[in-house]
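Peer 1: FYI, in my numbering the residues of the sequence shown are 45 to 96. The structure that follows is given in the form of C-alpha cells.
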Amino acid sequence: MRVIALHVGVLAALFLVQFVLPDYHHLALTRVMLLAIYAMGYNMLFGYTGLL
C-alpha cells in the first residue's frame, strides 16, 4: 500500500508542478521526461531483453 501511495504522490507532484513552474522549466521538464521514456525503451530493447 505504501508503494502505491508513493506512486500516486509522485504523479500528483508532477501534475501540479506544471502550474507552478515558468514555461521554460515546464518545457525542460517535459524534455527530460521524454528522454527518460526513450532511455527505458532503449534499455528494454538492447539490455534487458537483448532483442537487438
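Virtual Cβ for every residue (Gly too), placed ideally from N, Cα, C.
1. With DSSP run on the structure shown, which of helix, strand or coil describes MET45?
2. Assuming LEU73 and LEU65 make a contact with CB atoms under 8 Å, what is their CB distance in whole Å?
3. What is the C-beta distance between GLN62 and HIS70, in whole angstroms, given that I count them as a contact (C-beta under 8 Å)?
4. Would you kindly work out how many angstroms separate the C-alpha atoms of PHE99 and MET84, rounded to a whole number?
5. Going along the chain, which unbroken runs of the alpha helix (DSSP H) with 4 or more residues stay wholly within the stretch 46–81?
Peer 2: Judging by the given coordinates:
1. Here residue 45 corresponds to residue number 1 of the sequence shown, with the count starting at 1. Looking at MET45 - three-state DSSP - the assignment turns out to be coil, as it is neither helix nor strand.
2. Position 29 of the sequence shown, counted from the first residue, corresponds to residue 73. Position 21 of the sequence shown, counted from the first residue, corresponds to residue 65. Right, the Cβ-Cβ distance comes to about 7 Å (below 8 Å), so this counts as a contact.
3. Position 18 of the sequence shown, counting from 1, holds the residue named residue 62. Position 26 of the sequence shown, counting from 1, holds the residue named residue 70. Yes, GLN62 and HIS70 are in contact; Cβ-Cβ is about 6 Å, under 8 Å.
4. Since the first and last residues shown for the chain are 45 and 96, residue 99 lies out of range.
5. 46–64
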